[in-house]
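A short worksheet on the structure shown next.
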Amino acid sequence: MSAIHPRSFPARGATRESIFDAMQTLRAHDVKWRDGRVFSLVFHAGAETREIAQRAYDLFFAENGLNPTAFPSLRKFETDVVAMVASLLGGDGAIVGNMTSGGTESILVAVKAARDYFRKLHPEIKTPEMIAPVTAHPAFDKAAHYFDVKLVKTPVTADFRADPEATRAALTPNTILLVGSAPQYAHGVVDPLRELARIAREKNILMHVDACVGGMMLPFVRQLGYAIPDFDFAVPGVTSLSVDLHKYGYAAKGASVILYRPRALRRAMMYATTEWPGGIYASPTMLGTRPGGAIAAAWAVLNYLGADGYLHIANVVMKTVELLRAGIAQIDDVKILGNPDMSVMALASDTLDIYQVGDELTARGWHLDRQQFPPSLHLTVNYAHAQSAEQFLYALQDAVNAAKKMSARKLMDNVLVNVANRAARVLPAAWVSELTQRASTALGGGAGGGGRSAALYGMIGTLPNRGDLHELVLDLVEGFTTPQ
Ligand SMILES: Cc1ncc(COP(=O)(O)O)c(C=O)c1O
């Protein structure tokens with residue numbers, strides 16, 4: 000470990016070498032995404048595309064998108080990016096939008112815009128509501144929390160898609176916005192957006208499509224011949240749409256686009272104050288200072304790859320998905336949930352503790368996020384996984400075998416607990432504990448999933464109150480950003 004461990008503000012500057020040495024040392028413990036062993040968080044389309052993004056980012060590293068008159072370059076990049084993305088997503092020239100820092104910001108501003116648009120149009124609605132399926136991204140919960148819009152969640156159907164009937168049943172006179180995803184994150188399926196948008200039109204309310212994950216992928220997957228349901232502005236009734244460039248757009252982190260139809264809805268997103276001694280202040284989205292690097296890198300990558308580049312990448316990704324799906328179908332005890340529409344999917348098991356499988360994969364150097372309701376592991380397949388998919392299938396088979404052994408042990412543990420409980424009725428307590436300890440050791444006990452996610456999720460399952468869990472999670476978040 001490096002010599003640099005600041006606990007207070009450094010009295011003197013450090014050398015370049017010591018700083019970069021420390022950073023290299025610290026990143027040694029990070030997940031390894033370059034070799035396709037991470038199925039979330041990072042989207043990697045190869046060294047060349049990354050270099051384009053990095054060079055562009057570096058060139059505009061210091062520039063600030065807050066004031067478009069100071070940097071006409073950034074203004075052009077942003078308007079170009081918005082126009083390019085809108086034309087890809089069924090825009091007919093009437094679509095307007097802005098760049099934001101990511102999917103969460105795009106969703107936050109979409110909800111804020113809907114609220115303020117409706118405030119003006121229908122001031123009699125004092126407690127606005129939006130309806131979203133339970134699978135909608137937590138950014139909608141966050142938006143509801145920040146902007147005081149009530150979020151009404153609806154169940155999904157057996158294939159994990161939003162249920163239009165449930166949406167209809169949840170409508171009230173206060174409903175201002177419906178939400179659907181293309182695709183939703185957890186299981187990678189596209190919601191029935193035409194049906195949802197029809198309800199929105201019927202009721203004269205707004206409809207947001209969260210295409211943060213799919214916006215830069217689905218148009219190309221469709222071109223490749225896969226059956227992709229309508230998801231964009233081609234659907235009448237869709238009034239806003241979010242699409243992330245730092246996901247399947249392979250741009251630098253900090254780049255998303257929020258699009259609107261009609262124009263007045265975007266206007267409701269914006270903020271201006273004319274009363275500040277520092278001058279007239281206005282900004283379109285949530286951020287004040289907007290990093291020029293992220294805007295420039297997105298412009299550069301979209302132009303560098305072009306439609307043919309994205310089509311090629313989508314083809315590689317979908318071939319990888321097919322290989323993975325076929326391979327997973329060959330492995331007993333695991334399955335893909337539902338029928339994902341593109342390259343995002345959930346791996347589950349009817350027979351094993353899937354978190355145990357996840358722990359075994361982690362132990363073998365693979366990083367998959369854990370999901371719940373039902374328990375599953377998450378895979379976002381991108382270009383980087385073409386090189387690692389076969390290896391992953393071997394590792395998965397291995398992990399399943401190991402988890403099977405573990406679940407046999409768990410069964411024995413349950414038998415032991417039963418035996419011990421019965422014995423406790425007739426034997427002194429000390430004898431019982433001694434006997435169970437010995438039996439457990441004889442069975443190879445103690446090696447279980449202690450400290451791993453299977454244990455954590457097992458513990459969560461036993462908490463009597465999800466409110467406790469909420470506080471526990473906030474404790475963790477606080478802990479992560481508090482020096483130890
Ligand atoms: C469907 C969906 N929407 C929104 C987001 C939020 O995006 P970000 O993490 O860029 O804020 C995500 C992130 O994974 C997502 O999967």
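Under numbering that gives the first Met the number 0, residues 0 to 483 are what the sequence shown spells out, in order.
A virtual CB, placed ideally from N, CA and C, is assigned to each residue, including glycine.
All values derive from a computational prediction rather than experimental measurement.
Note down, in chain order, each residue of its chain lying with its Cβ closer than 7 angstroms to the Cβ of Ala109, except the 5 sequence neighbours on either side.
Closer than 7 angstroms at Cβ, skipping near neighbours: His207, Ser239, Ser241, Ile257.
So which of Leu378, Tyr303, Leu244 has the shortest CA-CA distance to Ile51?
Here the closest residue by C-alpha is Tyr303.
Can you grab the Cα-Cα spacing for the pair Trp298 / Phe232, in whole Å?
About 22 angstroms.
Within 10 Å of its beta-carbon, does Leu471 have 16 or more other beta-carbons around it, so buried, or fewer, so exposed?
Exposed: under 16 other Cβ atoms inside 10 Å.
Can you give the Cα-Cα distance for Ala496 and Asp147, rounded to whole angstroms?
No information on residue 496 is available, as it lies outside the stretch 0 to 483 that the chain covers here.
Does the Cβ-Cβ distance between Gly213 and Leu195 come in under 8 angstroms?
No, these two residues do not count as a Cβ contact at 8 angstroms.
So, Ala385 versus Val315, is the Cβ gap smaller than 8 angstroms?
Yes, they are a contact pair.
Please check the pair Glu128 and Val155, which I expect to be a contact at CB under 8 angstroms, by giving their CB distance rounded to whole angstroms.
Not quite, the Cβ-Cβ distance comes to about 19 angstroms (not below 8 angstroms), so this is no contact.
Of the residues Ala27, Gly291, Ala345, which one's Cα is nearest the Cα of Thr134?
Answer by Cα proximity: Ala345.
Spatial neighbours of Ala55 within its chain, please: C-beta separation below 6 angstroms, excluding the five flanking residues on both sides.
Once the five neighbours on either side are set aside, the close Cβ partners of Ala55 are Ala295, Ala296, Ala299.
Taking the alpha helix (DSSP H) that Gln23 falls in, what are its first and last residues?
Note, Gln23: alpha helix (DSSP H), 15–26.
According to DSSP, is Asp467 helix, strand or coil?
DSSP places Asp467 in helix when its eight states are reduced to three.
Sorted by chain position, which residues of the same chain lie with C-beta nearer than 6 angstroms to Phe60's C-beta, five sequence neighbours on each side aside?
Within the same chain, Phe60 has close Cβ partners Gly292.
With DSSP run on the structure shown, which of helix, strand or coil describes Val237?
Note: Val237 maps to coil in three-state DSSP.
In angstroms with no decimal places, state the Cα-to-Cα distance between Arg266 and Tyr249.
For Arg266 and Tyr249, the distance between alpha carbons rounds to 29 angstroms.
In angstroms with no decimal places, state the Cα-to-Cα distance between Ala82 and Val95.
Near 8 angstroms, if we compare the C-alpha coordinates of Val95 and Ala82.
So, Tyr309 versus Phe219, is the Cβ gap smaller than 8 angstroms?
Contact flag set, yes.
Go to Arg324, then tell me how far its alpha helix (DSSP H) extends in each direction, as first and last residue.
Per DSSP, Arg324 belongs to the alpha helix (DSSP H) from 291–328.
Assuming Pro339 contacts Ile353 (C-beta within less than 8 angstroms), just tell me the rounded distance between them.
That pair is no contact at about 17 angstroms.
Does the Cβ of Val212 lie closer than 7 angstroms to at least one heavy atom of ligand 1?
Yes, Cβ of Val212 sits closer than 7 angstroms to a heavy atom of ligand 1.
Are Phe159 and Ile106 touching if we call contact CB-CB under 8 angstroms?
For Phe159 and Ile106, no; Cβs fall outside 8 angstroms.
Please return the same chain residues whose Cβ sits closer than 7 angstroms to the Cβ of Trp365, not counting the five positions on each side in sequence.
Arg36, Phe391, Ala394, listed in sequence order.
Give a yes or no on whether the C-beta atoms belonging to Thr103 and Ile130 are separated by under 8 angstroms.
Not a contact, by the Cβ cut-off of 8 angstroms.
Could you please give the first and the last residue of the uninterrupted alpha helix (DSSP H) stretch that includes Val176?
Looking at the sequence shown, residue 176 is not Val but Leu. It is not in any alpha helix (DSSP H) - Leu176 instead sits in the beta strand (DSSP E) that spans 174–180.
Assign Asp307 to one of two classes, buried (16 or more other C-beta atoms within 10 Å of its C-beta) or exposed (fewer than that).
Under this definition Asp307 is an exposed residue.
Only counting the same chain, and skipping five residues up and downstream in sequence, which positions put a Cβ closer than 6 angstroms to that of Tyr247?
These residues qualify, in order along the chain: Met215, Met216.
Helix or strand or just coil, what does DSSP make of Lys246?
Reduced to three states, the DSSP call for Lys246 is coil.
What's the gap between the Cα of Ser255 and the Cα of Leu120?
Taking the straight line joining both Cα atoms gives about 28 angstroms.
Following a CB-centred definition, is Thr103 positioned closer than 7 angstroms to any heavy atom of ligand 1?
It does: the Cβ of Thr103 is within 7 angstroms (strictly closer) of some heavy atom of ligand 1.
What are the residues that DSSP puts in a beta bridge with Arg11?
According to DSSP, which records beta bridges pairwise, Arg11 is partnered with nothing at all.
Span of the beta strand (DSSP E) holding Thr379?
Segment 375–379, the beta strand (DSSP E) holding Thr379.
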